[in-house]
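S.K.: This is the structure I have questions about; it appears just below.
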Amino acid sequence: MSAPALRVASVPATHVYVRRLAHPGVVRLADPSGDDLRTPCFLDPEWIESNADAFDLMHLHFGFEFYSLERLRGVADALERLGKPLVYTVHDLRNPNHPEPGLHDGALALWAERSEELITLTEGASREVFARFGRRATVLPHPHVVPLAEMRRRQSRPRPAHADRFRIGLHFKSLRPNMVGAPLLLAALEAVRPLAGVRLRVDLHCDVADPGSRVHDPELLALALEAAGEGAADLHIHNYFTDDELWDYIESVDAVVLPYRFGTHSGLLEAFRDLGTAVIAPSCGFYAEQGADHVFESNERAGFDPESLKRAIRAAASAGRPSPVPWRGREQQRTRVAGACLDVYRRALAKVGLRRRLRSIPSSGSPTGPQSRASSSEEAPSSRTER
Numbered sequence: 391m392s393a394p395a396l397r398v399a400s401v402p403a404t405h406v407y408v409r410r411l412a413h414p415g416v417v418r419l420a421d422p423s424g425d426d427l428r429t430p431c432f433l434d435p436e437w438i439e440s441n442a443d444a445f446d447l448m449h450l451h452f453g454f455e456f457y458s459l460e461r462l463r464g465v466a467d468a469l470e471r472l473g474k475p476l477v478y479t480v481h482d483l484r485n486p487n488h489p490e491p492g493l494h495d496g497a498l499a500l501w502a503e504r505s506e507e508l509i510t511l512t513e514g515a516s517r518e519v520f521a522r523f524g525r526r527a528t529v530l531p532h533p534h535v536v537p538l539a540e541m542r543r544r545q546s547r548p549r550p551a552h553a554d555r556f557r558i559g560l561h562f563k564s565l566r567p568n569m570v571g572a573p574l575l576l577a578a579l580e581a582v583r584p585l586a587g588v589r590l591r592v593d594l595h596c597d598v599a600d601p602g603s604r605v606h607d608p609e610l611l612a613l614a615l616e617a618a619g620e621g622a623a624d625l626h627i628h629n630y631f632t633d634d635e636l637w638d639y640i641e642s643v644d645a646v647v648l649p650y651r652f653g654t655h656s657g658l659l660e661a662f663r664d665l666g667t668a669v670i671a672p673s674c675g676f677y678a679e680q681g682a683d684h685v686f687e688s689n690e691r692a693g694f695d696p697e698s699l700k701r702a703i704r705a706a707a708s709a710g711r712p713s714p715v716p717w718r719g720r721e722q723q724r725t726r727v728a729g730a731c732l733d734v735y736r737r738a739l740a741k742v743g744l745r746r747r748l749r750s751i752p753s754s755g756s757p758t759g760p761q762s763r764a765s766s767s768e769e770a771p772s773s774r775t776e777r
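Residue numbers (this note's numbering): 391 to 777.
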């Protein structure tokens, strides 16, 4: 007889990474807030106390950036009081939505201390987690982003043609704090100008072009409009893509530049790999390890190097478009990652169970009271070495 499925409160359950972790041994609760990306009920200590019988453990990914550190400590305290393990996937070591690192650093330190198990997406990020917090993070790579059926459909027919020899996309979206704006666009324009048959496609969300918006960037907008007016680039200003529009966009370009100056991992990078579009990524974070095809120098300390971007664009145009990651391989990877995630959940539950048993053993000459994670490490080596 098979064991009952584990009931997991995932934050957020609707994110594509979490959806790809689906497994018959796991049931993921639906957050009642209606917006688990920004206001998840699961991160309310009162909800945790009132619904303790509804879930076995909590798995945190995103969605905590809108809450104070005091609130997050309350979440960790409530879970610990109830004996509910916390698993945290370190997607971001530097939050791309925060101009300064302090708030996210505080949350990272809290989750590193209070989580039974840590997960991250690349070996490089795992090494940084250990260097900063002394914890071992299990590495589970990001699965596919494009749905398997859509990957299969698009990979089974010829890619839509365009008029250029090689087309490079530069999508600034809503210009998050981690993005380089006009200087990066200027370098990209200078890079493609002498390359015969190579053309730049520039995308902006409508809010970047709106003078009343907090993300309005008149310098970037003026440069993009000037380039489009001179015929040096194709400019597209629009609202957020739907999924189908995003897949069409990915197939409309042969390479894409990720215009970042800080960050860690990228789900969008995986979507480009799914459909066979080259990724030109910055040197910050672990985009290269995640699978980027070309790298330019851009990070928070040294800044953005325009000449390195020009070299990367030339290399991409010379190399041509890569083949997509085969959908069958992505399907197999997804199965492996989901199974490995379930193993992490079982380890987390076992650690909490072991601590409960240790607390129930009468002490003989040792201090009384509940043991911390650190103090129980001799009895349970894995509680320290596997983190």
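Using N, Cα and C, we set each Cβ at its ideal position, and we do this for glycine too.
Would you check if there are 3 or more beta carbon pairs closer than 8 Å linking the segment 614-628 to the segment 648-656?
M.R.: Touching, no, given that fewer than three Cβ pairs across the two stretches are closer than 8 Å.
S.K.: At the level of alpha carbons, what is the spacing between Glu797 and Glu721?
M.R.: For residue 797 there is no data in the structure shown, the boundaries of the chain being 391 and 777.
S.K.: Just to check my reading of the structure: Arg566 and Pro486 have Cβ atoms closer than 8 Å, yes? What is that Cβ distance to the nearest angstrom?
M.R.: Locating residue 566 in the sequence shown gives position 176, counting from the first residue. Locating residue 486 in the sequence shown gives position 96, counting from the first residue. With 8 Å as the limit, Arg566 and Pro486 qualify as a contact, their Cβ atoms being about 5 Å apart.
S.K.: If the criterion is Cβ atoms closer than 9 Å, does the pair Arg557 and Val588 meet it?
M.R.: The residue you call residue 557 lines up with position 167 of the sequence shown. The residue you call residue 588 lines up with position 198 of the sequence shown. Going by C-beta atoms, Arg557 is nearer than 9 Å to Val588.
S.K.: Have a look at Ile347 and Ala740 and give me their C-alpha separation to the nearest angstrom.
M.R.: No answer is possible for residue 347: the residues shown for the chain start at 391 and end at 777.
S.K.: Using the Cα positions of Asp732 and Ile438, report the straight-line distance between them to the nearest angstrom.
M.R.: Here the question's residue 732 lines up with position 342 in the sequence shown. Here the question's residue 438 lines up with position 48 in the sequence shown. The question names Asp, but residue 732 in the sequence shown is Leu. When rounded, the distance between both Cα atoms is 22 Å.
S.K.: Are the CB atoms of Ser564 and Val598 nearer to each other than 9 Å?
M.R.: Here the question's residue 564 lines up with position 174 in the sequence shown. Here the question's residue 598 lines up with position 208 in the sequence shown. Going by C-beta atoms, Ser564 is nearer than 9 Å to Val598.
S.K.: Enumerated in chain order, which unbroken segments of the beta strand (DSSP E) with a length of 3 residues or greater are wholly contained in the segment 591-670?
M.R.: Whole beta strand (DSSP E) segments, 3+ residues: 623-628 and 645-647.
S.K.: Would you say the segment 590-605 touches the segment 523-532, given that touching needs at least three Cβ pairs under 8 Å?
M.R.: No, because fewer than three Cβ pairs between the segment 590-605 and the segment 523-532 fall closer than 8 Å, the two stretches do not touch.
S.K.: State the Cα-Cα distance for the pair Ser756 and Arg747, rounded to the nearest angstrom.
M.R.: As a first step, residue 756 must be located in the sequence shown, where it is residue number 366. As a first step, residue 747 must be located in the sequence shown, where it is residue number 357. Bear in mind that the predicted position of Ser756 carries a pLDDT of just 47, short of 50, making it unreliable; the figure below should be weighed with that in mind. C-alpha separation (whole angstroms): 16 Å.
S.K.: Please state whether DSSP places Leu579 in a helix, a strand or coil.
M.R.: Residue 579 sits at position 189 when you count from the first residue of the sequence shown. Of the three classes helix, strand and coil, the one that applies to Leu579 here is helix, per DSSP.
S.K.: Whole angstroms is fine: what's the gap from Val742's alpha carbon to Leu472's?
M.R.: For the purposes of this step, residue 742 is taken as the residue at position 352 of the sequence shown. For the purposes of this step, residue 472 is taken as the residue at position 82 of the sequence shown. Using only the alpha carbons, I get a separation of about 10 Å.
S.K.: Below 8 Å on the Cβ atoms is my guess for Ser673 versus Ser688; work out the distance and round it to an integer in Å.
M.R.: By one-based count along the sequence shown, residue 673 stands at place 283. By one-based count along the sequence shown, residue 688 stands at place 298. Yes, they are in contact, since the Cβ atoms of Ser673 and Ser688 sit about 6 Å apart, within 8 Å.
S.K.: Is the separation between the beta-carbon of Leu575 and that of Leu615 shorter than 9 Å?
M.R.: Position 185 of the sequence shown holds residue 575. Position 225 of the sequence shown holds residue 615. For Leu575 and Leu615, no; Cβs fall outside 9 Å.
S.K.: Taking the Cβ atom as the reference point for each residue, do Leu500 and Ala527 lie within a distance shorter than 9 Å?
M.R.: Stepping through the sequence shown from its first residue, residue 500 is reached at position 110. Stepping through the sequence shown from its first residue, residue 527 is reached at position 137. No, they are not a contact pair.
S.K.: Since Met569 sits in a beta bridge, which residues does DSSP pair it with?
M.R.: Working through the sequence shown from its first residue, we reach residue 569 at position 179. Answer is Tyr650.
S.K.: For Thr404, does the three-state DSSP call read helix, strand or coil?
M.R.: Here residue 404 refers to the residue found at position 14 of the sequence shown. Three-state result, Thr404: coil.
S.K.: Which same chain residues, not among the five before or five after Gly681, have their C-beta less than 6 Å away from its C-beta?
M.R.: For the purposes of this step, residue 681 is taken as the residue at position 291 of the sequence shown. Arg663, listed in sequence order.
S.K.: Give me, in chain order, the residues of the same chain whose beta-carbon lies closer than 6 Å to that of Leu411; leave out the 5 immediate sequence neighbours on both sides.
M.R.: Position 21 of the sequence shown holds residue 411. Around Leu411: Ala728 and Cys731.
S.K.: Return the CA-CA distance between Ala403 and Arg726, expressed in angstroms with no decimal places.
M.R.: Within the sequence shown, numbered from 1, the residue matching residue 403 stands at position 13. Within the sequence shown, numbered from 1, the residue matching residue 726 stands at position 336. Straight-line Cα distance between these residues: approximately 19 Å.
S.K.: Can you tell me which of Arg604, Arg555 and Arg724 puts its alpha carbon nearest to the alpha carbon of Ala645?
M.R.: Translated into the one-based positions of the sequence shown, residue 645 becomes position 255. Nearest of Arg604, Arg555 and Arg724 to Ala645, Cα basis: Arg555.
S.K.: Under the three-state reduction of DSSP, which class applies to Ala468: helix, strand or coil?
M.R.: Locating residue 468 in the sequence shown gives position 78, counting from the first residue. DSSP places Ala468 in helix when its eight states are reduced to three.
S.K.: Starting from Glu507, trace the beta strand (DSSP E) in both directions and tell me its first and last residue.
M.R.: For the purposes of this step, residue 507 is taken as residue 117 along the sequence shown, with counting starting at 1. That run of the beta strand (DSSP E) goes Glu507 to Thr510.
S.K.: Closest to Ala668 by CA distance: which of Ala399, Val408, His684 and Leu396 is it?
M.R.: Translated into the one-based positions of the sequence shown, residue 668 becomes position 278. When only C-alpha atoms are compared, the closest one is His684.
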